[in-house]
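Undergrad:
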Amino acid sequence: MKPSLPQGTRDFSPIETTRRNYIFDTIKAVFKTFGYQSIETPAMENLSTLTGKYGEEGDRLIFKILNSGDFTKKIREENTDLSLPNKVLPLISEKALRYDLTVPFARYVAMNRDKITFPFKRFQIQPVWRADRPQKGRYREFWQCDADVVGSTSMLNEAELIQIYDRVFTALQLPVVILINNRKILSGLAEVAGAPDFLIDLTVALDKLDKIGIDKVNAEMLEKGIPQKAVEAIQPLMAFKGNTIEKLNFLKSFLGQSTEALQGIAETEAVLAYFNGENAFELNESEIQLDLTLARGLNYYTGTILEVKAKNIEFGSIGGGGRYDNLTGIFGLPNAAGVGISFGADRIYDVLLAQQLFPENAIEGTEILFANFSAIEEKAALPLLDILRQAGISAEIYHESAKLKKQFEYADKKGITFLMIYGEQEITQQIVTVKNLKSGVQVSIPKDKILAFKSYF
RNA sequence: GUGGUCAUAGCUCAGUCGGUUAGAGCGCUAGAUUGUGGUUCUAGAGGUCGUGGGUUCGAUCCCCAUUGUCCACCCCA
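Counting with the numbering used here, you get residues 32 to 488 for the letters of the first sequence.
1. State the start and end residues of the unbroken alpha helix (DSSP H) segment that holds Asp-417.
2. Any heavy atom of the ligand FMN within a distance shorter than 8 Å of the CB on Thr-335?
3. Considering Arg-91, what are the terminal residues of the alpha helix (DSSP H) in which it resides?
4. Report yes if the C-beta distance between Leu-323 and Leu-237 is below 9 Å; otherwise report no.
5. Under three-state DSSP, which class holds Gly-371?
6. Determine the contact status of Thr-335 and Thr-290, defining contact as a CB-CB distance below 9 Å.
7. Would you mind stating whether Val-180 and Phe-151 have Cβ atoms separated by less than 9 Å?
8. Report the residue ranges of all beta strand (DSSP E) runs contained in full by the stretch 292-365; include only those spanning at least 3 residues, in chain order.
9. Enumerate in chain order the residues of its own chain whose CB-to-CB distance from Met-142 is below 8 Å, with the five nearest sequence positions on each side excluded.
10. Give the straight-line distance between the Cα atoms of Leu-230 and Asp-246, rounded to the nearest whole angstrom.
11. Taking Gln-526 and Pro-121 to be in contact with their CB atoms under 8 Å, please state how far apart those CB atoms are, rounded to whole angstroms.
12. Count the other CB atoms, across all protein chains shown, that sit within 10 Å of the CB of Phe-43; report buried if there are 16 or more and exposed otherwise.
13. Considering Cα atoms alone, identify which of Asn-366, Leu-268, Ala-304 is closest to Leu-187.
14. Output needed for Gln-175: all residues of its chain with C-beta closer than 6 Å, excluding positions within five of it in sequence on either side, in chain order.
15. Measuring only the C-alpha atoms, how far is Tyr-85 from Tyr-331?
16. In three-state DSSP terms, what is Lys-466?
17. For Gln-194, which of helix, strand or coil comes out of DSSP?
18. Round the Cβ separation of Ile-70 and Arg-153 to the nearest angstrom and send it over; I've been treating them as touching at under 8 Å.
19. What number of angstroms, rounded off, separates the C-alpha of Glu-482 from the C-alpha of Lys-444?
20. Go to Asn-213, then tell me how far its beta strand (DSSP E) extends in each direction, as first and last residue.
21. So what does DSSP say about Arg-153, is it helix, strand or coil?
22. Check the C-beta distance from Leu-203 over to Leu-383 and give it rounded, since I have them as a contact under 8 Å.
23. Check each candidate in Val-262, Ile-147, Ile-96 and name the one with the smallest Cα separation from Ala-74.
24. Which of the three DSSP states, helix, strand or coil, is assigned to Leu-97?
25. By DSSP, does Ser-289 sit in helix, in strand, or in coil?
Here it is in structure tokens:
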């Protein structure tokens, strides 16, 4: 049969794995320095845990797992109308692949509340699956790197998470813009505009302002059924230009009649205050921008919303997050406020590759190859091989006796630097011939000095 | 879910305005070179031209369907 891969999934070669680990290791190290602890959850969750958490669109994109055994049994027993997918689905599928890391985390917190010390700061780096149509920068299996803190309403968390973004992207040498907004401001906007029922449609349309322009945004809002009056009411906001302070002042007067909006503005100011004045959090390569059009689709955000975009390249968002006041409520644990961020490792990979930002020395390979000429010489080399390995040096012996030429080619292709020869002549003289394949220099060293082989070059 | 694109060797792609043995580069195997590679030269293996149907004397090429791919929209990391 012809080998193939499911749509939107990928294999990772040795070099790709090394580069991906570079990203994961960087993120993990920063998470740890901020006091976040690692957890992992299963690849599959109960379907009921996931449905209804991501909106209608999200539910459609959840990968369902077919029940084991006679999965049509219930359909037959209940004589279900097969033309109604919504009726059929729960009868044939009870599990699904996780869609993100936040909902499984909420489930985990609700289930382990007796063991957790709050505020609970956790990070989680695992793959997630979405039944989306793949395209550039979009995969059906991709890795998220999440950090969340649950059990605290302090804006200090937001500030620290922003700093985590900065630390990670600075370490990766990737300058980014961190966009910030607040769901309460958007709610207040919908309220002031007189269209509170259209919050989602309104924010989704507003989110596209940068991309498609004011006219098309207006057209989309009207198309979604948002009243003409409401669309007119928010025009000043879309037209407003100014720096962060000017924007906040504008909002205070423009949305002043909404207490919710004022609260969102205050929260945003509180977050930003951590980055100004005395003892402010320092940002290295990143900058923060208040973006009033930033919406993000997920339904569970209630306060701060964050999104990260790489500078100098058009590539969608490479990270996002926000505050949710009651994510665990549905699992029976009310009032557990939380805030979290996510890194899109796969998109970060694509951006780093496009910008050639991967370090050269990130290649992990074998350092030494022993040549193999015969069964006797092979056996004689094994103790030397072991000495090197025990010293933590990556070494291997050619798997069978073969022509030297062939063994050289093997070393070349694997990028091995040193070839060691311990053949008939060397054995009688108790020496090892070492050749640096990069420089072509070859030396003979005493067998018992093998660990110091580099000092002979 | 909507629209478009493409599908030929292991990989990247030519090509045939429908006609006899479908090509290249890379890769692979072997030799020139039985303990010294990366270069070069030579030879070889490898394809039911995605699948099914139709038109035709004849289809890899034209038409239809189907599956897969990539891209855009929707949405999102």
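For every residue, glycine included, the Cβ atom is placed at its ideal position computed from N, Cα and C.
Owing to the predicted nature of the structure, the values given are computational and were not obtained by experimental measurement.
TA: This is what the structure gives:
1. 406-421
2. Among the components of this structure there are no ligands whatsoever, and the ligand FMN is therefore not found.
3. Segment 86-91, the alpha helix (DSSP H) holding Arg-91.
4. yes
5. strand
6. no
7. Yes, these two residues count as a Cβ contact at 9 Å.
8. 318-321, 335-341, 348-355
9. Phe-362
10. 19 Å
11. No information on residue 526 is available, as it lies outside the stretch 32 to 488 that the chain covers here.
12. exposed
13. Checking every option, the nearest Cα to that of Leu-187 belongs to Ala-304.
14. So the list reads Leu-132, Val-159, Ser-373, once near-sequence residues are dropped.
15. 8 Å
16. In the structure shown, the three-state DSSP call for Lys-466 is strand.
17. In the structure shown, Gln-194 adopts helical secondary structure according to DSSP, grouped into three states.
18. 5 Å
19. Per the sequence shown, the amino acid found at residue 482 is Leu instead of Glu. Cα-Cα distance, rounded: 24 Å.
20. 207-213
21. strand
22. 6 Å
23. Ile-96
24. strand
25. coil
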